[in-house]
Every structure is written in C-alpha cells, then in structure tokens.
DNA sequence: AGGTCTGGATTTAGAAAGCGAACCCATACA
DNA sequence: TGTATGGGTTCGCTTTCTAAATCCAGACCT
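Protein chains in written order, with the UniProt record's numbering: chain A, 1 to 154; chain B, 1 to 154.
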C-alpha cells in the first residue's frame, strides 16, 4: 500500500484551504442526506422530511443554509389546482457535487456493502458498461492513484 | 442545465443505501477534517489537535470511531529516543477516499475559491499537467457527467 | 362566508453533543 | 529525583438536536 509520508501539519492551513471550506459547507450528516435526496429528484419540504425522518426544525435550517450557500434554489412551485409552494432544486453548484456523491456511493458499495450487488449502479448513456470514479489528465485519460502528485501553491 | 425529474422519494430508501451508509460513517465535520489531515500525512494525536483546533474529547472520540469503522489503523509508533506512542494511519479503506476528497477540493476551488489560483493542485507523476476527478468507463476513458445513467437494482 | 384540509414551516422544552480548561499517567531524559 | 512530553480523561457549561405541538396561508367544499 502506498504510504503517505509523515507530516506534523497539513501543507496549507485549514482556514485557507478550499477542501476545508467545502467541508464547512457540505460536511454535515443532514446536509449530505438532503443533497442525496435532491440528486434523486426530491424537491419539496414534506418529501425531504418523509425521506430523512429528521426534525422539521433541522430540515428547515439546513435548507436555508443550502440556499444561502448557493447549492439549492428556492422558488415557488405551482401544481395544477394547488396553491403555490416553494420547491428546492439544485443549482449548477449543487449539481456539480453529483460526481462526488456517486464516488461516495461506490466507496460505500466497495467497503460497506453487505455482500449483495449494489442496489444502484451507474453506466454510460447507451451502453451497459459500468463506470467508476477516477482521475483523468487534460485529455480525459485515466491517471492511476499512485501516479498522483500533490503540488502546493499551484 | 440538466434538470433532475421530480420525485417524491428517492429510488432506494436511505436505510438500504450505501451512499446513506457512507454518509453515516464520514458525514461529519470533524471526521472529514481528520481524514483531510490524515491524507496530508498527519498521524499523531497532538498534531491532529493542533491542526483542527477541536476539543481533545471530540478528537479522541472521532479517532476511535474511525478506527472502529476501519478507516484508520492505530498502532504503536516508536521515534528514536522516544517512548512508544500510538499513531493513526489510513487503511486501504481510508486511502480509497482520496479521490473523493480531491474531487471535493476541486469543487471548492471552482465554487468557493476567493478568486486566487487554488493553493493545491494535482498532477500526473513526471508531468506538469493538472489532473481532475472524473468518471471513466471500463477502458479508462472519461465519461462526461451528462452521459451518466443511473440504474436501479443493478 | 365559514369550515376543513394540506404543505410549509416556527415554538417550546428536554436530551444529547460540543466545548475549553484542568487534570492524569507513563516514560524518556537530565 | 525531578521535569518535560505526548496522549489522553474528567469536569462543568453552552450550544445544538430532537420530538411534539402549534401556527399560518391558500385551495376546496357546501
């Protein structure tokens, strides 16, 4: 196994690290579960609540936070014959988290799955071949994990 | 923008979803910050504490949790001329989260960066060309996000 | 118009977790 | 023998979480 060299501190302090900032935004159980549901198409308050089984206060607060952060857009939704209600849809910012959550799904399949075949898989449109999260260079060719180098002050 | 079709519930319930399970394991602010530091080479209790500035009780609990979940390995570490102490290193399970955290870093660079060039970038060994997190098919060729199809009960 | 239903919340009070500071313990070294 | 150091735990206090009840606005019904 590739061992990471010992360090006393990370190369950049958390307060100026975009990974740490991203963790501040999405690094929360309920927030991640909301994003999971949203990526599956859930948009309405009560649907989120039924899905997550979390206190409505928490849901209300997390939705506000995600709207403030720009991951969700709140806008009125008008079902025919019903009054207008808000719905929460993913912005481009929120949608762009999809590869990360798919990667996390596959990590869960690999390490937490109870042995059965994963209930959800992902394929390339038009084919049946499974896809996986990986690294690619500028030309879209895969880079193996052991070939990755970290460069500071890029 | 590709819109996700409305759904009242997610296609699989959270309790049998490996993504939801993964979120239970790593979906926590301190846990993610610990993994971030570990991926940069931090291994020792006090180094984690100096890095995260979190209460030692919380750090202690999260490290235990990560060891129990199998992401970290706790083993004695013997510096020359010092007494043996525990160190926490990433297992294969923990190391395999690296693509996801790099992906999250790049998401942060794209959406949260304050305008400057990202302080950390990743390249392929031997070259200067930047790499990025993406999806590939079985042959290692990139699959664009809009080409991803979700298949249930795969 | 009045009553009811429904989705989208806020209020309230008790339980859990987070937090900072102080303390403890084992061992290398002077 | 004493001191320094790394790796924790204990102790109160504050914040956050949680569950249940309540509120509110707009359709729909009669």
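Built from N, CA and C at the ideal position, the CB exists for glycine as well.
Fair warning: this is a prediction, and the values are worked out from it, not measured in the lab.
Coil, strand or helix - residue 6/B by DSSP:
coil
Mind pulling the beta strand (DSSP E) runs of 3 or more residues that sit fully within the UniProt domain "HTH hxlR-type" (17-116) of chain B?
72-78, 84-90
Run down chain A in chain order and give the residues with a C-beta less than 9 Å from the C-beta of residue 17/B.
36, 105, 108, 119, 120
What's the C-alpha gap between residue 17/B and residue 99/B?
Here the C-alpha atom of residue 17/B lies approximately 21 Å from the C-alpha atom of residue 99/B.
What first and last residue would you give for the beta strand (DSSP E) that runs through residue 124/A?
120-124
Taking the beta strand (DSSP E) that residue 150/A belongs to, which residues open and close that run?
148-152
Cα-Cα separation, residue 125/A to residue 149/B:
6 Å
Expressed to the nearest angstrom, what Euclidean distance is found between the alpha-carbon atoms of residue 146/A and residue 80/A?
55 Å
Using a Cβ-Cβ distance under 8 Å, would residue 88/B count as near chain A?
Cβ-Cβ to chain A under 8 Å: no for residue 88/B.
So which residues on chain A does residue 45/B lean against when the C-beta distance must stay under 7 Å?
The contacting residues do not exist; residue 45/B stays about 12 Å from chain A at best.
Could you tell me which of 10/B, 68/B, 44/B sits nearest to residue 78/B, measuring between CA atoms?
44/B
Would a check of beta-carbon distances place residue 49/B closer than 8 Å to chain A?
no
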